[in-house]
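Single-structure report; data block below.
Chains as they are written, first to last, in our numbering: chain A, 37 to 155; chain B, 15 to 128.
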């Protein structure tokens, strides 16, 4: 158990709908990362937040957005869903921003994931 | 830029025989390197990380990886496979002391035959 929690575990919805995935980082971790795992694209970085601020952006679609709240939990919002959005969505957290004396190696701890199925 | 290539998409071994999962990386910066494992319908678990303290890195469950800068490789090994090792393994690179995203290889599926 990494200490990172994600809800829900599974989500089944229809095309055109909107869903929200939730992540709680390990106690004390300020950084949250979102990754998408799909059969055709593999594991890809979507976005990073650090202490409430967006820190880095990856291959995240404009239909997707995220935020990190004052209690450090994060939500990933996916809208106008398409069949191709079906994937496993992972959240990870790290000490600091993955740099500095706290975490120079950028070690990240992953949650169990949310499996999204778009029908 | 950074990238990682896992040279085998699938490896099959017999229980009790050695395991070798191959990984080559490319990095314009000093790299941080990891191996993660994903069991079926589970999350990603950190197996080991390269910390520059030693080129041979020991991880959990008897796995090791050797960092070879001249070959830009970070292959994962285990002397004797166990049935419970059957899983997907990911080699990962990121920038040392710069934070940011992890870059994953495409994964190697390890099958272990009785």
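In this text, a Cβ means the ideal position worked out from N, Cα and C, and glycines have one as well.
Predicted model only: the values in this text are computed from it and were never measured.
Residue 119(A) in three-state terms, based on DSSP: helix
Rounded separation between residue 94(A) and residue 80(A) - CA only: 8 Å
Beta-carbon neighbours of residue 148(A), restricted to chain B and to distances below 8 Å: 56, 57
Residue 24(B) and residue 122(B) closer than 8 Å at C-beta: yes
Which of helix, strand or coil DSSP assigns to residue 78(A): strand
Closer than 7 Å at the beta carbon, the chain B residues around residue 141(A): 46, 63, 65, 110
Own chain partners of residue 50(A) with C-beta closer than 8 Å, once the 5 adjacent residues on each side are dropped: 117, 154, 155
Reference residue 97(B); option with closest CA among 75(B), 107(B), 109(B), 89(B): 75(B)
Residue-chain proximity (residue 60(A), chain B), Cβ-Cβ < 8 Å: no
Pair within 8 Å by beta-carbon distance, residue 49(B) and residue 30(B): no
Within-8 Å CB hit, residue 16(B) to chain A: no
Option nearest residue 136(B) by Cα separation, candidates 86(B), 64(B), 84(B): Residue 136(B) falls outside the range modelled here, since chain B spans only 15 to 128, and no answer is possible.
Alpha-carbon spacing of residue 114(B) relative to residue 142(A), whole angstroms: 8 Å
The beta strand (DSSP E) enclosing residue 49(A), as first and last residue numbers: 46-49
Cβ pair count under 8 Å reaching 3, the stretch 52-61 of chain A against the stretch 83-94 of chain A: no
Extent of the continuous beta strand (DSSP E) to which residue 87(B) belongs: 87-92
Residues that residue 113(A) bridges to, as DSSP identifies them: 56(A), 101(A)
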